[in-house]
Every structure is written in C-alpha cells, then in structure tokens.
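Residue numbers (the numbering used here): 75 to 984.
What follows is a set of notes on a single structure, which appears directly below.
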C-alpha cells in the first residue's frame, strides 16, 4: 500500500510541477507585448507576407485575389505591432488584411482606400478606416485558409531558434507544435552549429527520450537507436517514409554514420507512427528535412580544428535566380583526423545540391542530390568484451592462482570473469581493418497549387547505399590478459552490403469551410521498395564465446572446435592470440583470401498503401484529428547464390540472382485519432491514439508451421498531456504520459498470440527562445518496460527496467545566452540513471552478471562560447565532457563515450 501511495505521489508531484511551469510560461507569454523587430527586404508581396506571418507567429489565409506581379517595399522597424508591420508590407499594393483568431485574411481594398493620399496626415487618418473596410470586405469574399509554415517559413531565412512553430511530420497536417498530439522534438541547424554535432549519434544523445546503444566506434560498429524502450526503425525524408534503408547500406538498416550538417532540421516523433511512417516499432520515427534553398541569398560556413587532429570545413550557400523564381543551394563539407582510439583514422565528406523552381504561380518543382561518404581505418565493429566465460576442468592446483577461489566447487569449474583493466583508449582492431560507407540519395518533387488553395504533391526518392567492412578483432568474446593466461579471442571477416530504395509518395491536401471554420484534409498513397544485397565470408577464428581448458563435455570439441585436451588454449592454431604480443605491436596480419567471398544473398521488401488525415474544428476551442493508413508489406525470402562452405571459386561477381516467391503481410487499417482542447490561448490539453506494426519475427521464424506468415505485431500508443506555445510560439513546452502495448505477440511454444512488451512513462520537454537572447532545449524522461509473461525466463535479471536500451530515467539540457551582442555563452549536460545488462551469461550467477554488465549513473557536461569579431566573422570554442567522465553504452562491449575534447571553429556569414 505504501509503495502504491509513493508511486502515485511521485507522479502527482511531476504533473503538478509541470503544470505550474506551463502556467508560468502562459502568464509570461500573455504579458509579452505583441511586437517584433522587422527587417524584411523589398521582395514580391507573397514572399514578404510569408516572412511576416512566420515571424509574427500567425497563419496566412490568402484569398482568391491573385498576388502575382505585386511587390512590397518590405518591413523595417523595431517594436512594431502586427498591424503596423502589415500596413508597411501592403502599402500601395491595393490589398488589405484582416486579423482574426491568429490568421491574416487578405482581400482587395476598396478603390478609395487604395487611392494615393495627398499627404502623410491624410494617410494616417485613413488607416483606421482601412481596417474597418477590410473587415467588411473579408466577409464578402470566399477565402481558403492555409496554415502558415511556422518559424522562418520555407524560402525566407535560416531558423536561429531551437524549435519550430509547426510541423507535418506527425500527421501530414501542418499543425502548430502545441496542436500536434504527439511528443515531437526538432533539432535545428542552429543547435547543430552551437553544439558542434558531427554525427547522428551526437544529435540523439541530446534528444529527450532517445537512447543509443553502440557496440563499436561510430561509423564502424552497430548503433542501435531506442525510444520508449523499443528500437527505432522508421525514417522519413522531407516527410516521405522509406525505412532506415534510405540511409544505410547494411542488412539491418543502421544509420550511425549520418552527418547532420546535410540537413536543415531533424524531427523526432515519439510513439507509434504508422500514419506517417508505415512499419516500425511504437518507439519513434526520424524525419530528415533537406537543405532546400532560401529565397534570399545566404552564404555561411566554418573551419574547425579539434583534438586528435580533427579538421573539418563546411560551406553552405543559397542563391536566388530569375527574381527568386529559381533558387539553388549547395552544402558541402569534408573532415579528416584521428580518434581517441589508438591507430584509428576517419575521413568523410558530403554534399547536398538542391534546386527549387517556380514554374508559375500554380506549379513548382524541386530536384536534388545528397551524397555522403565515410572511411574509417584501423577500427572494427566491436569493442573488447566486458566479461569472459571460462570452462576449466583441470585440477584446482593447475588453475591460475588468481582464479582458484572463483572456480573451486563450481560445476565443471565454469566461471564468468569481468574485464577489469582500463579499456577506454585501447584499440582492439588490427591496423588493416577498414570500414567504407557510401550513401547517395536522389529526389524530385512536383507541386501543383490550385486556385482554391489546395495542393497536389508528388515526391520520388532513390537511394543507392553501399557498405564495405573488413576487420580483425581481438578480445570480443573472451579477454584474459593475466600473465597466467595471456590469451584473447580473435576473429576476422570481410563483408559487403548494398541497398537500393525506390520510393514514391503522392498526396492532395487543403481546407474547406464548414460551420464557419476551416477543416483540413490530406489523402495520399505511398510505395517503397528496398533491395538488399550482401556478400561475405565465414569468420575464421574463435567461433564461440567461452574460453575452454580441457573441457569434460565433447560438445565443445565437436561443435565449437575449441579442444586441445590437457593444455591451455593453443592460440597459435586458431584458439586465440597473445594479449601481450598484441600490446607489443605483434598484430595478426590480414589473412589470405579475405577478398574471396563465400556467399551472396538478395532480399527484397516492399511496402505500399493509402493514408489520410483530417483536422476538424467543429466546436469552439476543440480540435479533432482523425486518420489512418492501410498498409501491405511484401517480403521476399533471401536468395542465396552461394551456400556457406562451398568452394569459393564458384562464387563470382557475374553470378546471377534469382528472385524467390514473395509473401504478403497485410496490416489492415492502422488508425490514428486525437482530441486537442485549447485550455488557454497558449496551452492545449490533448489525448491521442496511434498504431504501428513490425514484421512478426520475435521467435526467430515469422511463419507458421504451414508456411504462412504470422500476423504483424501491432504497437499501440495511448498518449495524453499538456502542450504550450509561448511568446508567439517561439517557445514550446510539453508534459506527456504514454502507455504502449504490443498486440498479436507470438508465443514461442505454439502458434497463439497475446499481448507483448508493455511500456509506460512520463516526458517533460522545453525548447525554444525564453527571450530573444536566451535559447534552451531540455527534456526529462521516466519510463518502465515489462516483458510478456512468456518471456520472463532464461535467467533474466529483471523485467527489462533500466537496461541499456531502456534506461529508467534520462535528462538532457543545453542552453545559450547572448551576454553581449558580440558574446554568446552556452552549456549543457546529459544524465542517465544507470543501466544493467538484461541477460545473464549462462554460467554466471546473478550477482556476478550484475556487476559485470552494470553501468553506474553518470553525467556528461559540455560548454561553448562564441565571440562575434565582426558582423561576418565569429570564433567558437566547444569543450565536450568537461570532467572527462568514463561511461559505456553497451552491456557487453567496452566502447566508451569520447574523453574530454575541444574544438575551435572560425565561422563566417557573408
């Protein structure tokens, strides 16, 4: 009873504290004067109005009156009201505006109002009359409301905030963040620049609710992403879904090596995202927005130098052509240097080139290419193991003295020995190890804008991604550096992967008037096809995870091939290698035949289906959002062109692939529903229900005994909370409670299904501008996962709580403040409560395994300072991991986060 009371009391404290914070922000926002500083250059009227609406936090409702050919003198001035800014923008155009409910409605001004005034006094006196006339005029014209594009509207200028005012990523509807009924985080270009993010892993480490579990160095090792305790497998580009294979050349679609500089912003939508992403766990989806050109000329870049000889250059230039009807943007970078692991080197470069063209007032096209390449030398995909399993049946007097107390009295003398030596900077890969990854993404988009305000859009994506990895690694399965043993496992492999993705999406969106309100609607169809090719060879070396001395069970000899009865491991004959020899530079040379492959496979996936979403405003201050997707997934069995063990000469580059018969997986209807209630001008309460699905392969076989596919596992997310948009939506805050349950989860023993993993928790986030000088991004997450009853076996430590993939609690914070016009200082920290490995090694007791695989709570602190020497030049210093904290993010791999390091950057903006 007392524990239940404590649980409820803790959540009451969280809820009340967050409510007080939202209320305080609401009061501050309400008290803020609705004025802004404007510096909008003369341009076509539509461009000026888009810019003004975005800066003022309003939405633009263009009428049937055409703005083609109209120009504006722009808007310049400090502390201007919206009315004053509009008066400047519309002066002499014959167009007038009405403000109502946060929307700007345009109409033709009466002739008298458009006539030139004789002098300034007459013009000033006429201004109020114009407003009255505009109100009357607006009621007599048929208008269609188009929601504004938010902070720094597309085609205006870079977003210097840490949030966006609106997004389509969660529902395909353009909604303000406080109207979006799901938890969503936006990482902008400004935050990437301020925090010196160079990899996707950097970004996710500072994103609330996201967890990265890496088994090796970034770019070489597997990097699994988790949110709300489930893996993240959904990726979108410019809002168009396509799975993680859009950004990966590997079989499992991991996206660890991506560089955030190539994207304008990254949106992370947490929970079930079947409506927008199709397949995926109820975790999150990542939406990457490309660097489309601005309507104004922009040129920026930086040159960086950091610890371990890291060098990097960036250039981002946007140029308008033909009176802004044609625009191009080029973003390019290159970097080179070492890492904190010895004898390691990393080189990468990337380019994004995009052109947008306005064919006429009703048609536009966008085409572009993004290419990224990275090469890592001297690193492998795995770190040294955090524990070694030993099997030693020798007489106790023959066992090394340091291990006798552990082995005495145990069945077959099986023990688990933790790796205790400092492994932070040790590179366990042979110098000839190398990883090469190449990603190319081509896209084209066509937009048709109807005169009634509706929009028809067709998008096509093509991805051509390749991975090539060759490595030799020491100590990944057992590592015994003690002089009495002096042995470690050794394995090597060479494998290649290729993914080709074709993706097309078409949708129609717009609004219609019903019950004196605009109702929004979008309907579309999405299709993508992924072809994965993989070639490789069987690793030669230690095949198991146990170091064995004179094993009593012939299983170890016959199956694992690790027997040398009566003697220590013979690492000269493939059982392992000498740790002392490795440390003295006696690395194993690259084996012969590493470029001869033993198998080639081809696997094909397709996903297709229609979707729709609607935004209803039928009752004052109440929003109903409803939609869904019908999805069909086709999965082709892997086609093996070479079987393991055949003569390598039979595997040649000209061997043909043969398609297998495809099988269909139909998910039925994946619904999405939400209710949003405007509690105050700045705060909304919301509840949402969403679903997603993944292929049902939990048991290792996604088919029934008769060969038919199991039904997909559905992930159902219920989420509710409060969202606030303050200071004209420049600051977004939220508190959310989520509850996730997997449905149609398979029983491992028969063909029945039931509920699967269950997760629930709280999230609090804050992002944006508290003042024009003060930016912040912060989030706290508390979560818990429970496995299905059938899974609580195999010596599980607990019920998945506090694992590396699903830490019980997380907190991230980063903030900058302009102390002076020339000086910006910032700092941040990220904290995790700690973690334990879920599965216990078979030969270990619980206490030992808990010690071996535990990560204590840790905090990492970062800082930055930027000095603007001139309007065009600035100098920025970033220091990461100020207190040089050592921490690990994998339960069985000694791969640590980066030690303390610093980077200095010379930035220019011309």
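Using N, Cα and C, we set each Cβ at its ideal position, and we do this for glycine too.
Query                                                                                                                                                                                               : Result
Sorted by chain position, which residues of the same chain lie with C-beta nearer than 7 Å to residue 190's C-beta, five sequence neighbours on each side aside?                                    : The predicted position of residue 190 is uncertain, since its pLDDT is 42 and thus under 50; no value can be drawn from it.
So the beta strand (DSSP E) residue 581 belongs to, where does it begin and stop?                                                                                                                   : 561-588
Name the two residues that bound the continuous beta strand (DSSP E) containing residue 654.                                                                                                        : Element bounds for residue 654: not the beta strand (DSSP E) but the alpha helix (DSSP H), 653-657.
Let me make sure I understand the geometry here. Which of 910, 979, 400 has the alpha-carbon closest to that of residue 941?                                                                        : 979
Looking only at DSSP bridge pairs, what is residue 35 linked to?                                                                                                                                    : It is not possible to answer for residue 35, since the shown part of the chain is limited to 75 through 984.
At the level of alpha carbons, what is the spacing between residue 932 and residue 115?                                                                                                             : 49 Å
Measure the CB-CB distance between residue 300 and residue 879 and report whether it falls below 8 Å.                                                                                               : yes
With H, G and I counted as helix, E and B as strand and the rest as coil, what does DSSP make of residue 798?                                                                                       : strand
Within the same chain, show all residues whose beta-carbon is closer than 8 Å to that of residue 431, passing over the 5 residues directly before and after it, in chain order.                     : 399, 400, 401, 438, 439, 440
Which first and last residues belong to the beta strand (DSSP E) in which residue 907 is found?                                                                                                     : Residue 907 -> no beta strand (DSSP E), and no H or E assigned at all.
For a test of the three-state rule: what should DSSP assign to residue 125, helix, strand or coil?                                                                                                  : helix
Taking the beta strand (DSSP E) that residue 279 falls in, what are its first and last residues?                                                                                                    : Looking at the DSSP string, residue 279 is not in any beta strand (DSSP E); the run it does join, the alpha helix (DSSP H), is 274-279.
Starting from the C-beta of residue 686, find all residues in its chain whose C-beta is less than 6 Å away, skip the five residues before and the five after it, and write them out in chain order. : 597, 701
Is the beta carbon of residue 676 sitting closer than 8 Å to the one on residue 607?                                                                                                                : yes
Exposed or buried, residue 470, counting other C-beta atoms within 10 Å across all chains shown (16 or more means buried)?                                                                          : exposed
Check whether the Cβ atoms of residue 238 and residue 343 sit closer than 8 Å, and answer yes or no.                                                                                                : no
Report the residue from 266, 547, 584 whose alpha carbon sits nearest the alpha carbon of residue 458.                                                                                              : 547
Is the number of C-beta pairs between the stretch 352-364 and the stretch 290-308 that are closer than 8 Å three or more?                                                                           : yes
Can you find at least 3 beta carbon pairs, one from the stretch 526-535 and one from the stretch 575-584, that sit closer than 8 Å?                                                                 : yes
To the nearest angstrom, report how far apart residue 522 and residue 133 are at their CA atoms.                                                                                                    : 20 Å
From the DSSP output, in three-state form, read off residue 477 for me.                                                                                                                             : helix
State buried or exposed for residue 453, treating a residue as buried only when at least 16 other CB atoms are found within 10 Å of its CB.                                                         : buried
Are there three or more Cβ pairs, one per stretch, closer than 8 Å when the stretch 252-271 is compared with the stretch 701-710?                                                                   : no
Rounded to a whole number of angstroms, what is the C-alpha to C-alpha distance between residue 292 and residue 696?                                                                                : 46 Å
Hey, which unbroken runs of the alpha helix (DSSP H) at 4 residues or more fall wholly within the stretch 506-570?                                                                                  : none
Do you know offhand how far residue 792's Cα is from residue 588's?                                                                                                                                 : 29 Å
Helix, strand or coil: which one does DSSP assign to residue 453?                                                                                                                                   : coil
With a 10 Å radius around its C-beta and 16 neighbouring C-beta atoms as the bar for buried, classify residue 472 as buried or exposed.                                                             : exposed
Give me the Cα-Cα distance between residue 683 and residue 839, rounded to the nearest whole angstrom.                                                                                              : 33 Å
Alpha carbon to alpha carbon, how far is residue 446 from residue 474? Give it in angstroms, no decimals.                                                                                           : 51 Å
I need the boundaries of the beta strand (DSSP E) containing residue 180, first residue and last residue.                                                                                           : 177-182
Going by DSSP in three states, residue 959 sits in which element: helix, strand or coil?                                                                                                            : coil
Mind checking which residues open and close the alpha helix (DSSP H) that includes residue 267?                                                                                                     : 263-269
CB residue 146 to CB residue 369, shorter than 8 Å?                                                                                                                                                 : no
If I'm right that residue 567 touches residue 601 with Cβ under 8 Å, what's the distance once you round it to whole angstroms?                                                                      : Not quite, the Cβ-Cβ distance comes to about 35 Å (not below 8 Å), so this is no contact.
For residue 274, I'd like the list of residues in its chain whose CB is within less than 7 Å of its CB, leaving aside the five on either flank, ordered along the chain.                            : 329, 330, 332, 334
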